[in-house]
Every structure is written in C-alpha cells, then in structure tokens.
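In the working numbering, the protein residues as written are 33 to 182.
Below, the structure written as structure tokens:
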C-alpha cells in the first residue's frame, strides 16, 4: 500500500483537502480567513477560496513527514522573505493564527494530538486517513495515461 512519501505532494494535498471539506464537519474556515494574509511576507490574502482546507491538508502531510512539530517550527516552514524596498530581504515567519487554528480544528476532529513538549503529531485516525488518501492518489495516477515527455 503506497504511503504519503510515494505519491506527489500536490496531488495528495488536493485530494485530502477535498475530503476534509466534504466529510469533516469540525473543519471550517473562520470569518477572518477571507480577509487575512497568511504572514508578513505576503502582500495579499490567498486567492483560493478553499485555502483553509488546503492548509489543513498541508499541515497533516507535514506532521506525517516531520513527526511531532510545534507551531513555531511550522511558522518558519510556512514563512518567506519580506521585501524591504532597496534593502536586502529578511526572512519572516508565517502568521501563527493561520497555523494554530487549523491544528486546533484537526485536534477536535481527532486527526492530530499534542505530544507533551514536542508539539503536535498525527493520531491513528490521521495516519489512516493519509494512508488511504495516498492509496487513492496512487490508484488514480496509475489509471491516468502518461504524458509524453517533450
């Protein structure tokens, strides 16, 4: 059975976000998510109306790949460079609410749990969901005709 390591991340996250939106009632974007930027390094809010579900799916995959991770490490991973005009760019972490609140919603859905001081990790249900979704993605990729390399 294929795991999340063996399928393309974009395909896995898209499929997982779709599943979370349709089947997990605990996950819903807050009212502020429509207007807020995801960090100081961004100029505009996300253009995708379903970015909240994509972020939740991305967080699930990050927890799968990197193990127990805290919010501050995730802020750095989702961060980017801040343009400062003619001065050199500086690295800025992503906004904490756009990471903490999806993690809390995933926790309510029993997909994520806190592991002491190490941070959050996937639960058995979260691991099962990722493995099943990865298997579905692998099956779809196998059925999809290969594109000719040019």
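In this text, a Cβ means the ideal position worked out from N, Cα and C, and glycines have one as well.
Simplified DSSP assignment, three categories, for residue i
i, result
"residue 177", "coil"
"residue 146", "strand"
"residue 158", "helix"
"residue 121", "strand"
Buried or exposed by the 16-neighbour rule on C-beta atoms within 10 Å, applied to residue i
i, result
"residue 137", "buried"
"residue 90", "buried"
"residue 126", "buried"
"residue 108", "exposed"
Beta-carbon gap between residue i and residue j smaller than 8 Å
i, j, result
"residue 156", "residue 95", "no"
"residue 169", "residue 43", "yes"
"residue 106", "residue 131", "yes"
"residue 71", "residue 112", "yes"
Residues of its chain near residue i, where Cβ-Cβ distance is below 8 Å and the 5 sequence neighbours each way are ignored
i, result
"residue 45", "86, 89, 90, 93"
"residue 39", "166, 169, 170, 173"
Spatial neighbours of residue i in its chain, beta-carbon cut-off 7 Å, leaving aside the 5 residues before and after
i, result
"residue 35", "163, 166"
"residue 53", "82, 85"
Own chain, CB closer than 6 Å to residue i, minus 5 neighbours either side, in chain order
i, result
"residue 69", "77"
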